[in-house]
Amino acid sequence: MKVLVINCGSSSLKYQIIDMDTQDVLCKGLVERIGIEGSLLTHKVPGHDDVVIKEDMKDHKRAVELVMEALVDPEHGVIKSLDEIDAIGHRVVHGGQKFAKSVLIDDEVKEALNKCTELAPLHNPANILGIQACEAVMPGKPNVGVFDTAFGMGMEPKAFMYALPTKYYEEYEVRRYGFHGQSHDFVSHRALALCGKDPATTKVIVCHLGNGASISASIGGKCVDSSMGLTPLEGLIMGTRSGNVDPGIMQFICHKEGVDIDGMLAILNKKSGIFGLSGGISSDFRDVQKAADEGNEKAKIALDAFRYRVAKYIGSYAAAMNGVDVIVFTAGLGENDKLTRQEICDKYLGYLGVKVDPERNNVRGKEALISSDDSKVQVYLIPTNEELKIAMDTVKIVSEL
Ligand code: AMP
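Position 354, counted from 1, in the sequence shown is what this note's numbering calls 360; the numbers after and before it change by one each time, with no gaps.
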């Protein structure tokens, strides 16, 4: 079965075709600047040079049409006709409380997604545009929605409720949702498959450390807690997002700097995190590490604060689950930066009996056990694969039709 995976942003569209019989990625690509002058499509087929197609695309429908042309192109295409695509899996950022798992998209689902737009005004409209474009260009193909928020729906009220007047939850669904759900779901289930323990009761903490960063606790694959909240702003320090701050800071800075609440949110989302803490060096951990190596004090503090916050969350999630069997590192930084993994474990997690073996930890971007044999907690590097998770859910739903 061949699945087309679509991840739409407001002006971008990422795609992959995955042959689910082999789990091979036949091609992937990115459309940028949709609706903006200078739009382009970059199409990648493994083992071949990238193909770049420059054409102004006024909307997502035109972008999907161009992607389809690239997929069946006699030279750089990977399928002979669109009939070879069995189904389309869409990443949808916010499913609200209605969607605790992936779903076949029909009119009722689309209406419900529109209602969730209030909760993710930057993301959901683009996801819906992607769905509509695929329906228009490939009528009759099954479209499946896979939600960033679905994994977090496993949380109990004690974890997902904010200590606010309950009317905000009851009337507006203000609660903690958790994001990066495809990643936490995929990686925690890989950990259950690898660890050799009872998959129904194993306690797993997944550290998704990338430009966006989040951490989850799960037992037997069911989410107990997840660090992101109503929005992806809560939790860990990220590339440009602050993560947790005292909400009182907002009023203080608004008054001092003469910004309104939207301006304040833009600061918290785009100017903070390791970018802000490092004094504006970069949101990329590699640049901040380089500056720290060269003696830059702010860069050192930024990296220290990032690792300290990850370790504090691991400690609190070990408490939340009354123990932890497996800790996993994933995403750009988690998969590539051995120093971050080693320091978090060595400096802060000795009390849990965590021991990372430096030789095993000398690895990048592939599944590996990095803890020593006498570690009380298994520690793994497991590359995330959100697209594969979307394709897996799509196959499951389409097979049940
Ligand atoms: P992601 O959002 O998962 O794509 O992760 C992006 C982040 O991963 C960026 O901040 C990168 O600095 C970081 N990253 C990627 N490769 C490396 C590496 N080799 N060493 C350190 N950080 C890395």
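We put the beta carbon where it would ideally sit given N, CA and C, even for glycine.
| Taking the continuous beta strand (DSSP E) assigned at Asn13, which residues delimit it? | Lys8 to Cys14
| request: Using the DSSP secondary-structure output, state which residues sit across from Asn391 in a beta bridge. | output: Note: Asn391 sits in no beta bridge, so no partner.
| query | Which residue comes first and which comes last in the alpha helix (DSSP H) that contains Lys318? | reply | Glu303 to Ala326
| message | Beta-carbon within less than 6 angstroms of Lys228's beta-carbon, same chain only, minus the 5 sequence neighbours each way: which residues are those? | response | Gly160
| query | What residues in its chain sit with their C-beta under 6 angstroms from that of Phe153, if we drop five residues either side in the sequence? | reply | Val98, Gly101 and Phe105
| message | Tell me the rounded alpha-carbon separation between Leu387 and Asp352. | response | 16 angstroms
| message | Beta-carbon distances below 7 angstroms to any heavy atom of the ligand AMP define the shell here; list its residues in chain order, please. | response | Gly216, Asn217, Gly218, Gly245, Ser289, Asp290, Phe291, Arg292, Gln295, Ala337, Gly338, Leu339, Asn342, Asp343 and Arg370
| Sorted by chain position, which residues of the same chain lie with C-beta nearer than 7 angstroms to Leu242's C-beta, five sequence neighbours on each side aside? | Ala219, Ser220, Ile221, Ser233, Gly249, Arg315, Val316 and Tyr319
| request: Identify every residue that forms a DSSP beta bridge with Glu38. | output: Leu46
| What residues match up with Arg97 in a beta bridge as DSSP calls it? | Val152
| Would you call the stretch 277-286 and the stretch 300-311 touching, i.e. three or more CB-CB distances under 8 angstroms? | yes
| query | For the 8 angstroms Cβ check, are there 3 or more pairs between the stretch 7-14 and the stretch 131-145? | reply | yes
| field | Terminal residues of the beta strand (DSSP E) in which Tyr21 lies | value | Leu19 to Asp25
| said: Can you look up Ala169 in the DSSP assignment and give me helix, strand or coil? | reply: coil
| request: For His195, name the three-state secondary structure that DSSP assigns. | output: helix
| task | Measuring alpha carbon to alpha carbon, tell me which of Ile42, Val84, Val193 and Leu135 ends up nearest Ile23. | result | Val84
| task | Pull up the distance between the alpha-carbon of Ile255 and that of Gly286, whole angstroms please. | result | 20 angstroms
| DSSP-derived helix/strand/coil call for His214 | strand
| query | What do you get for His96, buried or exposed, if any count of 16 or more other CB atoms within 10 angstroms of its CB means buried? | reply | buried
| request: Could you please give the first and the last residue of the uninterrupted beta strand (DSSP E) stretch that includes Asp231? | output: Lys228 to Ser232
| said: Which residues does DSSP list as the beta-bridge partners of Cys33? | reply: Ile23
| query | Within 8 angstroms (strictly less), CB to CB, does Ser248 reach chain C? | reply | The displayed structure is made up of one protein chain only, and chain C is not part of it.
| field | Phe291 - containing alpha helix (DSSP H), residue span | value | Phe291 to Asp299
| query | What's the C-alpha gap between Leu409 and Ile134? | reply | Nothing in the structure corresponds to residue 409, since the chain is present only between 7 and 407.
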